Amino acid sequence: ALAASKPGVQAKERDYELELAKAEVARLSEAVKEMAVKLTLAEGKDGWAVCPERNVVAM
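Spelled out as structure tokens, the structure:
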């Protein structure tokens, strides 16, 4: 408690909830990437067209 009260000195406590949240974000990011690859393979690239005038993806 004393070290945390001194300016410029940070406590060495770990934020377990933040670590769990970051791990969950990483896990979900990988899952979304896998699903995107599977969807692309299942539908083929013909389902994704880029509109050259506006440079946006049209579905």
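Its first residue numbered 2, the sequence shown is counted upward by one per residue in our numbering.
Quick reminder that beta carbons are idealized off the backbone N, C-alpha and C, glycines included.
Source: prediction; values computed, not measured.
My output table needs one value for residue i: the three-state DSSP class, helix, strand or coil.
i	result
R28	helix
E35	helix
E14	coil
M60	For M60, the predicted model reports a pLDDT of 49, less than 50, meaning its position is unreliable; a value from the coordinates is still stated below. Correct three-state label for M60: coil.
Looking only at its own chain, which residues have a Cβ that is under 7 Å from the Cβ of residue i, when we skip the five neighbours before and after it?
i	result
A27	none
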